[in-house]
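Chemist: Numbering (the working numbering), first residue to last: 1 to 414. The beta carbon of each residue, even a glycine, is placed where N, CA and C say it ideally should be. Small disclaimer: the values here were computed from a predicted structure and weren't measured.
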């Protein structure tokens, strides 16, 4: 299902990555609320992108990354069953604190490994001279202590409140009402995490999960709420008091969280979808899907039509063009500035050659895919993929958040 949901959430890609161009020093352009020309729109994107980049100082997260990396080096001698899960918990917390929205959304999923931290409770202290971890009992937390650059580093994970059994994909997990985690170096808290869950139920399958992270003034939050009728998600990134990015998305349907029935087309459960992202309070990206059911059905038809040895999906210009036509039929999107209701650019799709080669027989093979683009009034285009490749900095992983959000949705709707 992931590929069918793929283009429901491209705005999350745009929310950070589209705005990483070079800075613009021309301050004489139109102000908020105007419909900008193609030239001014691109200049404005660059200006917003530069302002966003200027908020981020990679050194702010340097100690956190170093402590996390050192823990990865010494965790090998930790004698905990499924210690790979513990290592992954710490890695995910560090990455999420650095703005990796894929990890943030994973924490809001029902299969978050951190929910099972109580299975590993105890206080583990690393003895560097013997390269081993010494354990003392604890009924309330998992604590990992080790020396780093003359100070004591401490990682804590603890669940509190009642737990609720939640069955997903044939596995039952215990979801706590609240989960907290911190990483400290000496007396300094490098990052803190709080996950709150509510309305967790397996029948009908539903849950509300909120994640809040504060890493040295970088605050990341998200929530995912799922019921049989609607799945919602939102997120925000606040950097030292400035709201850099915020967004929300929803998917409507019926009986979406129930198990798949025999011979059922699950896509028929889903209706319309909408996503909106606001960047620096200056630019808004909106995207809507008028009928997910019809979108999925017609994409399946494209798959079926081109599913053969000479023209299968991804290797045929005709297939990519057919897919682009389907996307344009059911998906609409816009880029606006300064609160204007009039679009300065709109969403479109077109095929492109991902790569090509000529075989030993002299036959050229082309691999075509469909990509989303912004189209301006002069019909010029900006490709999302161009900006993905150019993305850099602590928050570059927001480019992947659309896929993580899809998977988070699927944790409830499959």
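#1: Quick check on residue 217: does DSSP put it in helix, strand or coil?
#2: For the beta strand (DSSP E) that residue 236 lies in, which residues bound it at each end?
#3: Quick one: Cα of residue 382 to Cα of residue 53, how far?
#4: May I ask you to list the residues that DSSP assigns as paired with residue 274?
#5: Hey, out of 241, 240 and 234, whose CA is closest to residue 251's CA?
#6: Can you have a look at residue 198 and say buried or exposed, based on whether 16 or more other CB atoms are within 10 angstroms of its CB?
#7: Suppose only complete runs of 3+ residues qualify. What are the beta strand (DSSP E) ranges in the stretch 163-216, listed by chain order?
#8: Under three-state DSSP, which class holds residue 365?
#9: If I measure Cβ to Cβ from residue 370 and keep anything under 6 Å in the same chain, skipping five residues before and after, which residues do I get?
#10: Using a Cβ-Cβ cut-off of 6 Å (strictly less than) and excluding sequence neighbours within five positions of residue 267, which residues of its own chain qualify?
#11: What's the gap between the Cα of residue 37 and the Cα of residue 276?
#12: For residue 127, list the residues DSSP reports as bridge partners.
#13: Identify whether residue 451 lies in helix, strand or coil by the three-state DSSP scheme.
#14: Beta carbon of residue 93, beta carbon of residue 193: below 8 Å?
#15: Would you call the stretch 144-164 in contact with the stretch 96-108, where contact means no fewer than 3 C-beta pairs closer than 8 Å?
#16: Need the endpoints of the alpha helix (DSSP H) that residue 46 sits in, please.
#17: Excluding the 5 residues flanking residue 242 on each side, which residues of the same chain have their C-beta closer than 7 Å to its C-beta?
Modeler: Result, derived from the coordinates:
#1: coil
#2: 230-239
#3: 20 Å
#4: 250 and 288
#5: For residue 251, the nearest C-alpha among the options comes from 234.
#6: It is exposed - the Cβ of residue 198 has fewer than 16 other Cβ atoms within 10 Å.
#7: 171-185, 188-202 and 205-215
#8: strand
#9: Hits under 6 Å: 320, 323, 324, 349 and 351.
#10: 293 and 296
#11: 22 Å
#12: Under DSSP, the beta-bridge partners assigned to residue 127 are 132.
#13: In the structure displayed, the chain extends from 1 to 414; residue 451 sits before or after that span and is not available.
#14: yes
#15: Judged by pairs of C-beta atoms under 8 Å, the stretch 144-164 does not touch the stretch 96-108, as fewer than three such pairs exist.
#16: It spans 38-55 - the alpha helix (DSSP H) in which residue 46 sits, taken as one unbroken run.
#17: Answer for residue 242: 55, listed in chain order.
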